[in-house]
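Worksheet for the structure shown next.
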Ligand SMILES: Cc1ncc(COP(=O)(O)O)c(C=O)c1O
Ligand SMILES: Cc1ncc(COP(=O)(O)O)c(C=O)c1O
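Residue numbers (the working numbering), protein chains in the order written: chain E, 0 to 129; chain R, 0 to 129; chain X, 269 to 658; chain B, 269 to 658.
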C-alpha cells in the first residue's frame with residue numbers, strides 16, 4: 000500500500016488514516032461545534048482545561064480527508080498549551096504542521112481553527128472568565 | 000511502384016502517366032484553346048477532320064492530374080467520330096470512361112469538353128460550314 | 269495486493285487490440301491524411317474506413333460523422349455550433365438539469381452571450397420531465413439537449429421519445445451519448461437524434477478522440493476553424509492513430525457489448541442489494557431499472573464521500589465521488605441535488621462503475637471494504653446518532 | 269525502392285522514443301488525471317511533470333501552459349478566447365496576410381461575428397510590414413496575431429520586434445509557433461508573446477496534442493467549456509499518453525535541435541542552389557536567409573504543382589504543393605499570392621520540407637527527379653514557349 004498516491008502529503012494521510020484523539024470527552028471544560036453538514040464539513044472539538052492549560056482535546060469530524068487530518072493535528076498541537084498560546088495557532092500553522100494542503104483544501108483548516116476558538120469561548124463562558 | 004496511392008482511379012493515373020496523343024498537329028483542321036493559367040488549367044486541342052470525321056486529335060495541357068488525364072482520354076474518344084457524334088461527348092462521359100473523378104476534380108473534365116467544342120467551332124469557321 | 273479499478277465511467281484502460289491497431293499509424297503510416305501523395309492517401313483510406321464503421325455502428329451515413337478530440341469538444345461543438353448558425357440572437361436552448369458539465373457549461377456560456385437557457389427538470393429518479401419538454405417545445409427552441417445516460421447516477425433517459433417530440437416540431441435535438449456508445453445499442457434513427465456525442469476513452473479506446481454525429485441537413489458552425497479537414501467542419505490534422513483506435517474499440521464493442529451488458533447488470537444488482545443490506549442509512553441514487561448496466565451510486569448518511577474514497581484507496585480500490593472532472597470541487601453534486609438528495613447526504617455519495625475487467629472477486633472486495641470504511645468514519649462523525657465514544 | 273518523405277512540415281513520423289514513452293499510459297497508467305485516487309494521482313504527477321518541462325522549454329511558468337488537441341485548436345482558442353473576453357464588440361484584430369488557415373479562418377469567423385479584421389501586408393520576401401503594425405497598434409487593437417515561421421515558404425517573422433511593439437502599447441500578441449517549436453529556439457520572454465501555439469506532430473510527437481501558452485494575467489474565454497481540467501480553461505479528460513508523448517518529443521528536441529538545424533540548413537541550401545541551377549524558369553519563394561532550416565519552396569513556370577507532385581509520387585518521393593490542409597483546394601496559395609507571385613506561377617509551386625530522417629542520398633534523388641519531371645510536364649504544356657511537338 001506504499002503505492003497509494005493522493006493529492007495530500009504523507010503527514011496528512013497519516014493523520015487521516017490514524018487520526019489522534021478521536022471521540023468525545025465526558026464533562027468537558029469546553030465544546031466547540033462549527034461547520035455545516037450542507038457544506039460538507041462539521042467539526043466538534045472537546046477540551047479539558049486545567050489551571051489555564053489544555054490537558055486534553057478530542058474531536059469528531061464529518062468531512063473530507065483534509066478536514067479530518069487538520070482536526071487530528073489540531074488536537075495534538077493544543078495539548079499542553081495555555082489558552083492564550085492555543086488561540087495563536089492559526090489555520091496556516093496547522094496546515095504547515097501537516098506538510099501543507101492543496102490550495103482548494105486550505106479552507107478545511109479554517110474549520111479546525113474556528114472549532115478551537117469556539118471551544119475556548121465556550122470554556123470561558125462556562126467558567127465565567129468572559 | 001504498385002504502392003502508389005492517389006485520390007484518382009487507376010485509369011486516371013494511367014492516362015496521367017502515359018498521356019495519349021500529346022503534342023500539336025501541323026496544319027490542323029481546327030484548334031481549341033480554353034482555360035486560364037490564372038485558374039491553373041489551360042488545354043489546347045488540335046484536330047484533323049477528313050470527310051466529317053475526326054481522324055486525329057492531339058493536345059497540350061497545363062493542369063492537374065485530372066486535367067491531363069481527361070485531355071488524354073478525350074483525344075482517344077473523339078478519334079474516328081463524326082463531328083456530331085463528338086459534340087455529344089459530355090464531360091461526364093469522359094470522367095466515366097476514366098473510372099470516375101473525385102468530386103472536387105469534376106470541373107477539370109469540363110475543360111476537355113470545352114476544348115473540343117472550341118476546336119470543332121474553329122474547324123467549322125475555317126471551313127465555312129457555319 | 270491487486271488494485272481494484274471501479275471507476276470505468278471516468279475512463280477505461282485501452283484494450284490491447286486497440287493499442288495494437290494504433291501502433292503502425294504512429295510511425296509507418298504517419299502521413300497527413302489530407303496529402304495527395306501515397307503517404308497521405310493510405311492513411312486517408314484508413315480514415316474513411318473508420319468513418320464508415322463508426323457510421324454503421326450508430327446507423328448513420330459516413331458524411332454525418334465528424335471526428336473530434338473527445339466528448340467535451342463534441343458537446344461544445346453541438347451547442348455552440350447550433351447557436352452560432354442561428355440568425356436571430358437570443359434563441360432558447362433547453363438543457364436537462366442533469367447534464368455533464370461539458371453540456372451545462374457551454375450552455376451557461378451561451379446564456380452570457382445572449383441566448384436563453386431553460387433547464388429541463390428531472391424527477392426523484394433522475395428522469396427528465398417529458399411534459400415539460402412537450403410544453404417548451406411549442407416555443408420553438410433552437411436546440412434541446414438531453415443526455416442518453418447520466419455519468420453519475422447511470423439513469424438512461426427516454427431519448428427516443430424526446431427525439432420524436434423534437435422531430436415532429438422540427439426542433440434540433442442533441443444527445444450526449446458518451447456513457448452509452450459501446451455499452452448500450454445506440455441508433456440515431458431510433459433515437460431521432462440530430463446530433464450525438466461520443467468519446468472513445470469511455471469504451472476502451474484512446475483518450476483525445478471522439479465524434480459528433482450531425483444529421484444530414486443540420487447546419488452547424490464549426491468550433492475549430494481552419495483547414496479543409498472533416499469537410500471543413502473541424503479543422504486540424506487528422507489524428508489517425510486515435511481514429512483507428514476508436515474504430516477498433518467500436519469493432520470490439522460490437523461483438524462484446526451484449527454479453528457484457530448482461531454480465532455487468534448481474535454484478536450491479538448484486539452490488540446494490542449487498543450494499544443496501546449491509547450498510548444502514550444509505551440510499552441508491554437514480555432509477556434502479558432505467559440504469560446503465562455498470563453503474564452503482566449510493567449515498568451514505570453521516571459520512572463524507574472523499575473520506576470514503578481515500579479509505580478505499582488505501583486498500584487499493586478506486587471509486588469516485590461523482591463525475592471525475594469535478595472532484596476538486598467543494599460543492600455537492602448538482603445531479604444529486606437535482607434529483608432531490610439533501611446536500612448533507614449528497615456529500616456522502618460514492619459512484620462505483622464496473623467494466624470489462626471487473627471480476628466477482630472484486631465485488632467481494634468492495635462488499636467487504638465499503639461497509640467497514642463507512643462504519644469507521646461514522647464512528648468519528650459528529651452527525652452520527654449512534655456514534656461511539658473515542 | 270525506399271520511399272522518400274519530404275513533407276515534414278505537414279506532419280512528422282512519431283519518434284520511437286516517444287512511442288515507447290506513451291505506451292504505458294494507454295493501459296497501465298490509464299487513470300483519469302482528475303481523479304483523487306492513486307490511479308488518477310499517478311497520471312496527474314506525469315501530467316504536471318510534462319507541464320513543467322513544456323514551460324521550461326519556452327521559458328514560461330507551468331500554469332501558463334494549456335494542453336489542447338493541436339495547433340488548430342490552440343489558434344482558435346487564442347483568437348476567439350481574446351475576442352470573447354473583450355467587453356465591447358467590434359474590436360479590431362490584426363492578422364498577417366500569410367497566416368495558416370487555422371488563424372485566418374477563425375479571424376474570418378470573428379469578422380462575421382462583428383469584429384473588425386485588419387490584414388497586415390507582407391513584402392515580396394514574405395516578411396510582415398513592421399511600419400504598418402506600428403501605425404495600426406496606436407488604434408489599440410484587441411489582438412495582433414503573426415506567426416513565428418510560415419508553413420509554406422518557411423519565412424521567419426520578426427516576432428520579437430512585433431511582440432515588443434505590442435507590449436509597449438499593452439496590446440495582446442499571439443504567435444503561431446507550430447512550425448518553430450522544437451526546430452528553432454523559442455522563448456516567450458524574448459518574443460514578448462502573450463499567447464503562443466504549438467502542435468506536437470510537427471516535432472516527432474503524436475497527432476492530436478498541442479498547447480497554448482497564455483501569459484499570466486491574460487484573460488481568455490475557453491473554447492471548450494466543461495469540467496475543471498486545465499484550471500477550467502480547457503475541458504475534457506486529459507489526454508495523458510499524448511501529453512507524455514509531447515513531453516518526450518520536447519526532451520528530444522532539446523538535445524538535438526541545434527545540430528539538426530545546422531545539418532538541415534546545409535541540405536536546404538544545397539537543394540535550393542541545385543534546383544535553381546538545374547531548372548530554368550523557376551524561382552525561390554520567401555526570403556532566402558530568414559528561413560526555416562528545412563524549407564524549400566519553388567515555383568516552376570508553365571507547369572502545375574499537382575502534376576509535379578503526382579509524378580514524384582510515382583517515384584516514391586513525397587512533397588507538397590502548399591499547406592497540406594488545402595491540397596483539395598483549386599485556388600492558388602494565398603501565401604504565394606500575398607508575396608506577389610503571379611497566380612499562374614503560384615500554381616506551379618512545390619514545397620520540400622526535410623527532417624530528422626532526411627539523408628544526402630534523398631537529396632540526390634529529388635535533385636535528379638524534379639528537373640526531369642518538370643521537363644516532361646513542360647513538354648506537354650501549352651504555356652511553355654520552348655514546347656516541343658509530340
Ligand atoms: C503554422 C501552422 N499553424 C497551425 C497548424 C495546424 O496544426 P494542427 O494540424 O495540429 O491542428 C499547422 C499545421 O497544420 C501549421 O503549419
Ligand atoms: C456524459 C459525459 N459527457 C461528456 C464527457 C466528456 O468527455 P471527454 O472527457 O472525453 O471530453 C464525459 C466524461 O468525462 C461524460 O461522462
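Quick reminder that beta carbons are idealized off the backbone N, C-alpha and C, glycines included.
Practice item. For residue 8/R, I'd like the list of residues in its chain whose CB is within less than 7 Å of its CB, leaving aside the five on either flank, ordered along the chain. Key: Against the second chain, residue 8/R aligns to sequence position 9. Within the same chain, residue 8/R has close Cβ partners 97, 98 and 99.
Practice item. Give every residue of the same chain whose Cβ lies closer than 7 Å to the Cβ of residue 333/X, excluding the five residues on either side of it in the sequence, and list them in chain order. Key: For the purposes of this step, residue 333/X is identified with residue 65 of the third chain, where counting begins at 1. Hits under 7 Å: 319, 322, 323, 479 and 481.
Exercise for review: Below 8 Å on the Cβ atoms is my guess for residue 341/B versus residue 491/B; work out the distance and round it to an integer in Å.
Suggested key: If you number the fourth chain from 1, residue 341/B lands on position 73. If you number the fourth chain from 1, residue 491/B lands on position 223. About 7 Å; that satisfies the 8 Å criterion.
Review point. Taking buried to mean at least 16 other C-beta atoms within 10 Å of its own C-beta, is residue 389/B buried or exposed?
Key: In the fourth chain, residue 389/B corresponds to position 121, counting from 1. So residue 389/B ends up on the exposed side.
Practice item. Alpha carbon to alpha carbon, how far is residue 380/X from residue 438/X? Give it in angstroms, no decimals. Key: Walking along the third chain from the start, residue 438/X turns up at place 170. Walking along the third chain from the start, residue 380/X turns up at place 112. Distance between the alpha carbons of residue 438/X and residue 380/X: 26 Å.
Practice item. Measure the alpha-carbon distance for residue 635/X versus residue 413/B and round it to whole angstroms. Key: By one-based count along the third chain, residue 635/X stands at place 367. By one-based count along the fourth chain, residue 413/B stands at place 145. Residue 635/X and residue 413/B: Cα-Cα distance of roughly 58 Å.
Review point. With DSSP run on the structure shown, which of helix, strand or coil describes residue 339/B?
Key: The sequence position of residue 339/B within the fourth chain is 71, counting from 1. Of the three classes helix, strand and coil, the one that applies to residue 339/B here is helix, per DSSP.
Exercise for review: Give, in chain order, every unbroken run of the beta strand (DSSP E) that is at least 3 residues long and sits entirely within the region 610-643 of chain B.
Suggested key: Listed in chain order, they are 617-621.
Review point. If we cut at 8 Å on Cβ distances, does residue 419/X have a partner in chain B?
Key: The residue given as residue 419/X occupies position 151 in the third chain. Not an interface residue.
Point to revise | Distance between beta carbons of residue 61/R and residue 650/B, contact taken as under 8 Å | key: If you number the fourth chain from 1, residue 650/B lands on position 382. If you number the second chain from 1, residue 61/R lands on position 62. Indeed, because the Cβ distance is near 6 Å, the residues count as touching under 8 Å.
Review point. For residue 467/B, which beta-bridge partners are listed by DSSP?
Key: Here the question's residue 467/B lines up with position 199 in the fourth chain. Bridge partners of residue 467/B: 478/B.
Review point. So is residue 610/B in contact with chain X if we call contact Cβ pairs under 8 Å?
Key: Position 342 of the fourth chain holds residue 610/B. It does not: the Cβ of residue 610/B has no partner Cβ on chain X nearer than 8 Å.
Practice item. Report back the beta-carbon spacing between residue 14/E and residue 71/E to the nearest angstrom; my notes put them in contact at under 8 Å. Key: The residue given as residue 14/E occupies position 15 in the first chain. The residue given as residue 71/E occupies position 72 in the first chain. That pair is a contact at about 4 Å.
Check your understanding: So what does DSSP say about residue 311/X, is it helix, strand or coil?
Key -> Counting from one through the third chain, the residue named residue 311/X turns up at place 43. Residue 311/X carries a helical assignment under DSSP once its states are collapsed to helix, strand and coil.
Check your understanding: residue 328/B by DSSP, collapsed to three states: which one?
Key -> On the fourth chain, residue 328/B is found 60 positions in, with the first residue counted as 1. Reduced to three states, the DSSP call for residue 328/B is coil.
**Study point:** contact_flag[the region 455-469 of chain B, the region 497-505 of chain B] where n(CB pairs < 8 Å) is 3 or more
**Key:** no
Point to revise | Nearest-angstrom Cα separation, counted from residue 373/B out to residue 417/B | key: Locating residue 417/B in the fourth chain gives position 149, counting from the first residue. Locating residue 373/B in the fourth chain gives position 105, counting from the first residue. Those two C-alpha atoms are separated by around 18 Å.
Exercise for review: Tell whether a beta-carbon distance below 8 Å holds between residue 271/B and residue 623/B.
Suggested key: Here residue 271/B is taken as the residue at index 3 of the fourth chain, counted from 1. Here residue 623/B is taken as the residue at index 355 of the fourth chain, counted from 1. No, Cβ-Cβ distance for residue 271/B and residue 623/B is not below 8 Å.
Practice item. Report yes if the C-beta distance between residue 393/X and residue 554/X is below 8 Å; otherwise report no. Key: Stepping through the third chain from its first residue, residue 393/X is reached at position 125. Stepping through the third chain from its first residue, residue 554/X is reached at position 286. In this structure, residue 554/X lies closer than 8 Å to residue 393/X by Cβ.
**Study point:** Straight-line gap, residue 505/X to residue 339/B (C-alpha atoms, nearest Å)
**Key:** Within the third chain, residue 505/X is the residue found at index 237, counting from 1. Within the fourth chain, residue 339/B is the residue found at index 71, counting from 1. Going from the Cα of residue 505/X to the Cα of residue 339/B covers about 9 Å.
**Study point:** Cβ of residue 39/R within 8 Å of any chain B Cβ
**Key:** As a working mapping, residue 39/R is identified with position 40 in the second chain. Closer than 8 Å: yes.
Exercise for review: Have a look at residue 298/X and residue 26/R and give me their C-alpha separation to the nearest angstrom.
Suggested key: Position 30 of the third chain holds residue 298/X. Position 27 of the second chain holds residue 26/R. Approximately 52 Å, taken between the alpha carbons.
Check your understanding: Is residue 564/B near ligand 1, with its Cβ less than 7 Å from a heavy atom?
Key -> As a first step, residue 564/B is located in the fourth chain; it is residue number 296 there, counting from the start. Residue 564/B: no, Cβ never under 7 Å from ligand 1.
Check your understanding: Quick one: does residue 630/B have its CB under 8 Å from some CB of chain X?
Key -> Taking the fourth chain and counting its residues from 1, the one referred to as residue 630/B is at position 362. No, its Cβ sits nowhere closer than 8 Å to a Cβ of chain X.
Practice item. Return the chain-ordered list of same chain residues with a C-beta closer than 6 Å to the C-beta of residue 592/B, the five sequence neighbours on each side being excluded. Key: Taking the fourth chain and counting its residues from 1, the one referred to as residue 592/B is at position 324. For residue 592/B, the pLDDT reaches just 42, beneath the cut-off of 50, and the residue's location in the model is therefore unreliable, although a value from the coordinates is still provided. Spatial neighbours of residue 592/B in its own chain (CB-CB distance under 6 Å, excluding positions within 5 residues in sequence) are listed in chain order as 278.
**Study point:** Buried/exposed call for residue 544/X, threshold 16 Cβ in 10 Å
**Key:** Working through the third chain from its first residue, we reach residue 544/X at position 276. Classification for residue 544/X: exposed.
Review point. Do residue 444/X and residue 371/X have their C-beta atoms within less than 8 Å of each other?
Key: By 1-based counting over the third chain, the position of residue 444/X is 176. By 1-based counting over the third chain, the position of residue 371/X is 103. Yes.
Exercise for review: Step through the CB atoms of chain X and report whether any lies within less than 8 Å of the CB of residue 414/B.
Suggested key: Looking up residue 414/B in the fourth chain gives position 146. Cβ-Cβ to chain X under 8 Å: no for residue 414/B.
**Study point:** Boundaries (first-last residue) of the beta strand (DSSP E) holding residue 40/R
**Key:** Within the second chain, the letter at position 41 stands for residue 40/R. Where residue 40/R is concerned, the enclosing beta strand (DSSP E) stretches over 40-49.
**Study point:** 8 Å Cβ cutoff, residue 369/X in contact with chain B
**Key:** Within the third chain, the letter at position 101 stands for residue 369/X. Answer yes: the Cβ-Cβ gap between residue 369/X and chain B drops below 8 Å somewhere.
Check your understanding: Cα separation between residue 401/X and residue 430/X?
Key -> On the third chain, position 133 is the one that residue 401/X refers to. On the third chain, position 162 is the one that residue 430/X refers to. Cα-Cα distance, rounded: 8 Å.
Exercise for review: Could you tell me which of 566/B, 276/B and 422/B sits nearest to residue 540/B, measuring between CA atoms?
Suggested key: Taking the first residue of the fourth chain as 1, we reach residue 540/B at position 272. It is 566/B.
Exercise for review: Go ahead and pull the three-state DSSP assignment for residue 388/B.
Suggested key: Here the question's residue 388/B lines up with position 120 in the fourth chain. Strand.
Practice item. For the beta strand (DSSP E) containing residue 483/B, list its first residue and its last residue. Key: Taking the first residue of the fourth chain as position 1, residue 483/B is located at position 215. From DSSP, residue 483/B is part of no beta strand (DSSP E); its letter is neither H nor E.
Review point. Got a sec: is the Cβ-Cβ distance from residue 649/B to anything in chain R below 8 Å?
Key: On the fourth chain, position 381 is the one that residue 649/B refers to. At a cut-off of 8 Å between beta-carbon atoms, residue 649/B makes contact with chain R.
**Study point:** Contact set for residue 597/B: own chain, Cβ-Cβ below 6 Å, skip 5 residues either direction
**Key:** Numbered from 1 along the fourth chain, position 329 holds the residue referred to as residue 597/B. With a pLDDT of 47 at residue 597/B, under the threshold of 50, the modelled position of this residue cannot be trusted; read the value that follows with caution. Nothing listed; no residue qualifies.
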